[in-house]
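This report concerns only the one structure given below.
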Amino acid sequence: MNIYVLTAGLLVFVGFLAHTFVGTRETLTTRVEFSDALIEKNWYQSFTAWHLITAALLLSSILLILIAATDVFEAKRTIALIFAIQFLAWTVSAVITIAVTNGRKYFGQLYQWAFFLIVSAILFYGMDRF
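Every position in the sequence shown, counted from 1, becomes a number in my numbering once 11 is added.
Structure, rendered in structure tokens:
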């Protein structure tokens, strides 16, 4: 069993739970009476994208836990590397998005980038310990 990849998988599962229950509740508070159809369509598009991340977090956590604790897959190191790169890319994307928008003032509150960076670092460290 690879304790590092298992830890990353469990962290991602906790992230999935937080995203699903806390984040969805927070996101739904932004739904208001829409002033026009374009704004309403954009809100639903954003909410749909929100749920795509929910699915990605769930699937990522399941696969990470599987490669850490079982022999279902042979290419464990490669799978861990792919996820490490994915979470690093999410980190970079989040930081760039925050940096080039008015989100800079919320940098400390938009901590998802730090979560993704921690998961990525754990995976990069743990991928050679299978």
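For each residue, glycine too, the CB sits at the ideal point set by N, CA and C.
Every value quoted in this text rests on a predicted model; they were computed, and no experiment measured them.
- Item | Straight-line Cα distance separating Leu-22 from Leu-49 | Residue 49 sits at position 38 when you count from the first residue of the sequence shown. Residue 22 sits at position 11 when you count from the first residue of the sequence shown. Spanning the two alpha carbons is a distance of roughly 37 Å.
- Grab the span of the alpha helix (DSSP H) containing Leu-17 for me, first residue to last. One-based indexing of the sequence shown puts residue 17 at position 6. That run of the alpha helix (DSSP H) goes 14 to 29.
- Item | Reduced DSSP secondary structure (H/G/I, E/B, other) of Leu-121 | Along the sequence shown, read from residue 1 onward, the residue named residue 121 stands at position 110. Judged by DSSP in its simplified three-state form, Leu-121 adopts coil rather than helix or strand.
- Go through its chain and collect everything with a Cβ distance to Arg-140's Cβ below 7 Å, but skip five positions before and after it. Locating residue 140 in the sequence shown gives position 129, counting from the first residue. So the list reads Asn-13 and Tyr-15, once near-sequence residues are dropped.
- Message: Which of the three DSSP states is assigned to Arg-115 in this structure?
- Response: The residue you call residue 115 lines up with position 104 of the sequence shown. Three-state result, Arg-115: helix.
- Where does Ile-133 land, buried or exposed, given buried means 16+ other C-beta within 10 angstroms? The count along the sequence shown starts at 1 and reaches residue 133 at position 122. Buried, because 16 or more other Cβ atoms sit within 10 Å of the Cβ of Ile-133.
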